[in-house]
Amino acid sequence: MGPLMELQLLLLFMIFAAVVAVEVEDLLSSVIAVGAVGLGLSLVFLILKAPDLAITQLVVEILCLIILIRATIKKDLPLLRDGRWLFNTTSTLVFIALFLIFAYFALKELPGFGQPIMRVAKEYINNGLGKTGATNIVASIILDFRGYDTLGEATILFTAVMGVLAVIRSVGRIKDEK
Amino acid sequence: MCLVLFCIGLYCVLRKRNIIKIIIGLGIIEYAVNLFFVLIGYRTHGRAPILAKDQQILNMVDPLPQALVLTSIVIGLAVTALIVAIAIRIYEKYGTFDITKINRLKG
Amino acid sequence: MKNNKTGMTLIVKTITRLTVGLILLYGIYIVLHGHISPGGGFAGGVIIALSFIHLMLAFGRETALKKLSQTAASVLESLGALMFLAIALLGFLGGCLFFNFFLHKGKPFDLFSAGIIPLCNIAISLEVGAGLFAIFAALILFKGLGKEE
Chain A
1 MGPLMELQLL LLFMIFAAVV AVEVEDLLSS VIAVGAVGLG LSLVFLILKA
51 PDLAITQLVV EILCLIILIR ATIKKDLPLL RDGRWLFNTT STLVFIALFL
101 IFAYFALKEL PGFGQPIMRV AKEYINNGLG KTGATNIVAS IILDFRGYDT
151 LGEATILFTA VMGVLAVIRS VGRIKDEK
Chain B
1001 MCLVLFCIGL YCVLRKRNII KIIIGLGIIE YAVNLFFVLI GYRTHGRAPI
1051 LAKDQQILNM VDPLPQALVL TSIVIGLAVT ALIVAIAIRI YEKYGTFDIT
1101 KINRLKG
Chain C
2001 MKNNKTGMTL IVKTITRLTV GLILLYGIYI VLHGHISPGG GFAGGVIIAL
2051 SFIHLMLAFG RETALKKLSQ TAASVLESLG ALMFLAIALL GFLGGCLFFN
2101 FFLHKGKPFD LFSAGIIPLC NIAISLEVGA GLFAIFAALI LFKGLGKEE
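As structure tokens, then:
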């Protein structure tokens, strides 16, 4: 779907790393393979001319890896028994095929690969420097033109931190009682 | 092409038994969706949406999906952190990660 | 393996001593220049949190907690969220024409141009950085780093 050769090559690498992450039995190797997928995604963002996203994706990927490795560092690997294998696999494949059919019908309506319809974004690009005085247009969009979305996102992060602290704290109390 | 990535993640979420594998599948789905959004807003031979000194506004890529995906990446991190904390808590209580054994709904 | 009681080997400790200050400085640079070059509040906040986490991973938990205790991290995070809310509400209450003009819009490539956008970046980076550090201080608390059973 893309005219750029590097894009296709990086996508193939990402797909390969994702297959490795899904199929390998060892948990640590799967987590490292997910790290490789994230790194490939950051490079793809650079090729698609989105530097903000590349920086953010890279650092968030590193943090995600640290959290995942913390979860798997001393948990043992259970045996993956396969019960009712045939029924599970066929139902999964039917579901994925159904999803692909609907996705094909939905994706036919999109414009072609290189020509986006930029009706709203034209206003932002043309008036961005005049109205806000910021030269980074993406930053002026998320902080000035669409600031409410950023407020919602700050709330989500705050709630997630509260949730993690609430879940982890009761671990400590049970361990202290023993 | 990113639909293939999405389908791999979906297969992993549906079929695997280990909770950590399910979390990895969710991460792959999130990467595929972000990639799809940024691919929509790409203009052929565009430039990055940052103005440089005394340069006219030509031909830029679409900055609006990039703003949305920036938010989405950070939210994905928050969701992953919360799910991993819950998974650690489940391991404390049940001693295993197999989801077919975790089926007791007691307090 | 030359371990002390906590933390990692000697090589990691030496390199950490050299680079932690640089990482913190780079994170502050990305936050402050959020309206000129790519980056912004979120990536910068995550980088600042990563510098403290690096300190914690290499030296064990007590040394990092001496730099930034847990209650201080909670206070900083709440302060960041409240600052963002306050800036948004100031625009709402002060009349819609004053929202962007009380910090004078300078020439486009200065550090202090673009109205309230740098303030928003700083508030967001405080909240994200302190919040992520609080998550890590809680996650590494009860299990060490997996070496003691």
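Protein chains in written order, with the numbering used here: chain A, 1 to 178; chain B, 1001 to 1107; chain C, 2001 to 2149. Quick reminder that beta carbons are idealized off the backbone N, C-alpha and C, glycines included. These numbers come from a predicted model, not from an experiment.
Residue i burial status per 10 Å Cβ neighbour count (16 or more: buried)
{"i": "A:TYR124", "result": "buried"}
{"i": "A:MET5", "result": "exposed"}
{"i": "A:TYR104", "result": "exposed"}
{"i": "A:LEU39", "result": "buried"}
{"i": "A:ALA97", "result": "exposed"}
{"i": "A:ASN127", "result": "exposed"}
{"i": "A:MET1", "result": "Note that A:MET1 scores a pLDDT of 45, beneath 50, so its modelled location is shaky; the value from the coordinates is reported in the next line. When all chains shown are included, A:MET1 counts as exposed."}
{"i": "A:LEU41", "result": "buried"}
{"i": "C:ILE2015", "result": "exposed"}
{"i": "A:ILE101", "result": "exposed"}
{"i": "A:PHE45", "result": "buried"}
{"i": "A:VAL161", "result": "buried"}
{"i": "A:ASN88", "result": "exposed"}
{"i": "B:ALA1081", "result": "buried"}
{"i": "B:GLY1025", "result": "buried"}
{"i": "A:VAL60", "result": "buried"}
{"i": "A:GLU23", "result": "exposed"}
{"i": "A:LEU27", "result": "buried"}
{"i": "A:SER29", "result": "exposed"}
{"i": "C:VAL2128", "result": "buried"}
Separation of residue j from residue i, as counted between CA atoms
{"i": "C:LEU2010", "j": "C:ILE2117", "result": "42 angstroms"}
{"i": "B:ILE1083", "j": "B:ILE1023", "result": "8 angstroms"}
{"i": "A:LEU53", "j": "A:ALA139", "result": "11 angstroms"}
{"i": "A:ILE62", "j": "A:SER91", "result": "35 angstroms"}
{"i": "A:PHE158", "j": "A:LEU7", "result": "36 angstroms"}
{"i": "B:GLN1066", "j": "A:ALA50", "result": "7 angstroms"}
{"i": "A:LEU165", "j": "B:VAL1079", "result": "14 angstroms"}
{"i": "B:TYR1011", "j": "A:ILE15", "result": "13 angstroms"}
{"i": "B:ASN1018", "j": "C:THR2019", "result": "37 angstroms"}
{"i": "A:ILE73", "j": "B:MET1060", "result": "45 angstroms"}
{"i": "C:HIS2035", "j": "A:GLU25", "result": "45 angstroms"}
{"i": "B:CYS1007", "j": "C:LYS2013", "result": "42 angstroms"}
{"i": "A:VAL37", "j": "A:ALA18", "result": "6 angstroms"}
{"i": "B:ILE1075", "j": "C:TYR2026", "result": "23 angstroms"}
{"i": "C:GLY2041", "j": "C:LEU2050", "result": "14 angstroms"}
{"i": "C:ALA2138", "j": "A:GLY147", "result": "31 angstroms"}
Residues near residue i in its chain [Cβ-Cβ closer than 7 angstroms; skip 5 each side]
{"i": "C:ILE2030", "result": "GLY2039, ALA2043, GLY2044 and ILE2047"}
{"i": "B:CYS1002", "result": "ALA1032, LEU1035, PHE1036 and LEU1039"}
{"i": "A:PHE145", "result": "TYR124"}
Close Cβ partners of residue i (< 6 angstroms) along its chain, the five nearest in sequence each way excluded
{"i": "B:ASP1062", "result": "GLY1041"}
{"i": "A:LEU68", "result": "VAL31"}
{"i": "A:VAL34", "result": "ALA21"}
Sequence-distant residues of its chain with Cβ nearer than 8 angstroms to residue i (five each side left out)
{"i": "B:LEU1005", "result": "ILE1028, TYR1031, ALA1032 and LEU1035"}
{"i": "A:ALA43", "result": "For the record, residue 43 of chain A in the displayed sequence is Leu; it is not Ala. The residues are LEU10 and ALA54."}
{"i": "A:ILE47", "result": "LEU4, GLU6, LEU7 and LEU10"}
Residues, ordered as in the chain, of the segment 1004-1022 of chain B that lie near chain A by beta-carbon distance below 8 angstroms: Identification of residues in the segment 1004-1022 of chain B having a C-beta nearer than 8 angstroms to some C-beta of chain A yields VAL1004, LEU1005, CYS1007, ILE1008, GLY1009, LEU1010, TYR1011, CYS1012, LEU1014, ARG1015, LYS1016, ARG1017, ASN1018, ILE1020 and LYS1021, given in sequence order.
Residues within the segment 1077-1097 of chain B neighbouring chain A, beta-carbon criterion of under 8 angstroms: LEU1077, ALA1078, VAL1079, THR1080, ALA1081, LEU1082, VAL1084, ALA1085, ILE1086, ALA1087, ILE1088, ARG1089, TYR1091, GLU1092, THR1096 and PHE1097
Residues from the segment 1065-1076 of chain B in contact with chain C, defined by Cβ distance under 9 angstroms: LEU1070, THR1071, ILE1073 and VAL1074
Selection of the segment 29-62 of chain A by Cβ proximity to chain B, strictly under 8 angstroms: SER30, VAL31, VAL34, VAL37, GLY38, LEU41, VAL44, PHE45, LEU48, LYS49, ALA50, PRO51, ASP52, LEU53, THR56, GLN57 and VAL60
Short-range partners of chain A found in the segment 2013-2042 of chain C, where Cβ spacing is below 7 angstroms: GLY2034, HIS2035, ILE2036, SER2037, PRO2038, GLY2039, GLY2040 and PHE2042
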